[in-house]
Amino acid sequence: MATATNGRNWIAVDWGTTRLRAWLMDGSDGVLDKVQSDRGMGALTPAGFETAFLEVAGEWIDGPTRVLACGMVGAKQGWADAGYAVAPSKPPSGAHAVPAPAEDPRLEVFLLPGVSQQRPADVMRGEETQVAGYLAANPGFDGVLCLPGTHTKWVQVSAGEIVSFRSFMTGEIFALLSGQSVLRHGLEGDGWDEAAFDEGVADGMARPQLLTSDLFGLRAEGLLHGKDASATRARLSGLLIGVELAGARHYWLGQQLAFIGAPVLAGAYLRGLKAQGAIGDRTDAEAMTLAGLCAARAGLA
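Quick note: the sequence shown uses our numbering, first residue 2, plus one each step.
If you want it as structure tokens, here you go:
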């Protein structure tokens with residue numbers, strides 16, 4: 002089994018609110034092994050991070066080991082507070098990483114900062130590492146990166162810097178509405194209706210001021226007209242994404258676009274924007290996170 006004992010191997014970590022992913026890397030940034038866990042930041046206290054990490058990656062460690070981590074592990078509630086770089090700025094590198102306390106003498110742990118924006122007030126943790134990974138692969142990119150997720154980010158990038166960004170809680174709102182609101186009664190199953198999604202996007206963009214009324218209309222259509230769950234779910238997603246696209250119009254209109262995210266969710270954004278004549282390529286979020294961690298490692302002292 003590969004370990005990090007030769008002084009060249011290291012461990013890359015992406016530690017979010019709900020999930021931990023770690024990669025054992027060789028000295029030339031090749032992946033030797035990978036593990037993941039549901040021991041996310043949201044289920045831990047600051048004192049529990051080292052134990053959780055060793056439970057997941059402890060088999061790799063048989064001597065002095067350097068660890069570089071990004072994501073919510075660097076929040077105030079994380080292993081240690083890594084702070085924020087302030088936009089406009091380049092994505093934080095290893096030179097900006099903050100050491101985290103470790104009782105195990107074999108561990109040397111560094112946490113990458115997030116990025117903040119003063120006006121309008123906004124923050125990101127983890128997405129900036131994906132931006133760094135994308136820029137490492139596309140150094141001349143000048144445009145907008147969309148990172149769909151629980152809190153979708155639209156990031157303006159120019160000359161290798163994060164110039165500005167805006168976060169939208171679309172994913173979290175979808176989860177709350179579909180899991181805890183009155184709408185949950187009409188969303189059983191996992192089917193999908195593309196036409197209903199397209200209609201929802203169009204309505205959300207055209208009349209965002211009617212969102213809360215249109216949302217209740219989903220419940221009424223189910224009660225009065227027997228609208229099936231696949232159409233209701235797709236229209237709900239379309240309405241929320243449509244409202245987001247209306248609000249983010251100045252980020253995507255006339256811009257060079259790229260999407261960093263999972264195929265299904267990024268595909269929904271691509272489909273919604275295609276009707277507006279906007280197109281962009283998609284890259285994998287996990288691959289960009291790992292590329293960003295590798296790029297940041299070069300800056301570690």
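Each residue gets a CB set at the ideal place from its N, CA and C atoms; glycine is no exception.
All values derive from a computational prediction rather than experimental measurement.
Alpha-carbon to alpha-carbon, residue j and residue i
{"i": "Ala259", "j": "Met125", "result": "18 Å"}
{"i": "Lys1", "j": "Glu51", "result": "Lying before the first or after the last residue shown, residue 1 is absent from the chain, which here runs from 2 to 302."}
{"i": "Lys228", "j": "Leu271", "result": "26 Å"}
{"i": "Arg208", "j": "Glu173", "result": "21 Å"}
{"i": "Ala53", "j": "Tyr252", "result": "39 Å"}
{"i": "Met73", "j": "Ser168", "result": "16 Å"}
{"i": "Glu200", "j": "Gly239", "result": "7 Å"}
{"i": "Asp204", "j": "Val164", "result": "31 Å"}
{"i": "Phe166", "j": "Leu45", "result": "29 Å"}
{"i": "Pro114", "j": "Ser182", "result": "35 Å"}
{"i": "Val99", "j": "Leu216", "result": "44 Å"}
{"i": "Gly64", "j": "Leu108", "result": "8 Å"}
{"i": "Leu148", "j": "Gly141", "result": "19 Å"}
{"i": "Ser159", "j": "Asp39", "result": "35 Å"}
{"i": "Lys275", "j": "Ala263", "result": "18 Å"}
{"i": "Cys71", "j": "Tyr85", "result": "12 Å"}
{"i": "Ala101", "j": "Trp11", "result": "16 Å"}
{"i": "Ser214", "j": "Met170", "result": "19 Å"}
{"i": "Thr151", "j": "Leu177", "result": "11 Å"}
Segment limits, beta strand (DSSP E) that includes residue i
{"i": "Gly127", "result": "Taken as a continuous stretch (DSSP letters only), Gly127 belongs to no beta strand (DSSP E), as it is neither H nor E."}
{"i": "Ala259", "result": "258–261"}
{"i": "Arg272", "result": "No beta strand (DSSP E) holds Arg272; the alpha helix (DSSP H) holding it covers 264–275."}
{"i": "Trp24", "result": "21–26"}
{"i": "Arg67", "result": "66–72"}
CB of residue i within 8 Å of CB of residue j, strictly
{"i": "Ala235", "j": "Asp194", "result": "yes"}
{"i": "Val116", "j": "Ala88", "result": "yes"}
{"i": "Gly43", "j": "Thr66", "result": "no"}
{"i": "Gly281", "j": "Val202", "result": "no"}
{"i": "Gly300", "j": "Ala96", "result": "yes"}
{"i": "Ala297", "j": "Ser94", "result": "yes"}
{"i": "Trp61", "j": "Leu25", "result": "yes"}
{"i": "Phe175", "j": "Leu237", "result": "yes"}
{"i": "Ala306", "j": "Arg283", "result": "This structure gives no information on residue 306, because the portion of the chain shown stretches from 2 to 302."}
{"i": "Asp105", "j": "Leu55", "result": "yes"}
Backbone secondary structure at residue i - three-state DSSP
{"i": "Arg107", "result": "coil"}
{"i": "Ala86", "result": "strand"}
{"i": "Ile12", "result": "strand"}
{"i": "Arg181", "result": "Residue identity check: residue 181 is Gln in the sequence provided, not Arg. Three-state result, Gln181: helix."}
{"i": "Pro209", "result": "helix"}
{"i": "Met170", "result": "coil"}
{"i": "Asp34", "result": "strand"}
{"i": "Pro149", "result": "coil"}
{"i": "Glu189", "result": "coil"}
{"i": "Thr46", "result": "coil"}
{"i": "Leu301", "result": "coil"}
{"i": "Ala101", "result": "strand"}
{"i": "Trp155", "result": "strand"}
{"i": "Leu112", "result": "strand"}
Contact set for residue i: own chain, Cβ-Cβ below 7 Å, skip 5 residues either direction
{"i": "Ala317", "result": "In this structure the chain extends from 2 to 302, so residue 317 is not present and cannot be described."}
{"i": "Met289", "result": "Gln131, Gly134, Tyr135, Ile261"}
{"i": "Ala230", "result": "Gly187, Leu188, Glu189, Gly190, Gly192"}
{"i": "Met206", "result": "Gly243, Leu246, Ala247"}
Cβ shell of residue i (< 6 Å), same chain only, five flanking positions each side left out
{"i": "Pro92", "result": "Glu129, Val132, Ala133"}
{"i": "Gly28", "result": "Arg9"}
{"i": "Gly75", "result": "Ala83, Leu112"}
Residue i CB to nearest heavy atom of the ligand ADP below 7 Å
{"i": "His226", "result": "You won't find the ligand ADP in this model; it holds no ligand whatsoever."}
Run of the alpha helix (DSSP H) containing residue i, from where it starts to where it stops
{"i": "Arg298", "result": "286–298"}
{"i": "Ser238", "result": "230–248"}
8 Å Cβ shell around residue i - same chain, five flanking residues per side excluded
{"i": "Thr233", "result": "Leu184, Gly187, Leu188, Ala197, Leu219, Glu222, Gly223"}
{"i": "Leu291", "result": "Ala13, Asp15, Trp24, Val32, Gly134"}
{"i": "Asp143", "result": "Val158, Ser159, Ala160, Gln257"}
{"i": "Gly41", "result": "Trp16, Gly17, Thr18, Thr19, Arg20, Leu21, Met73"}
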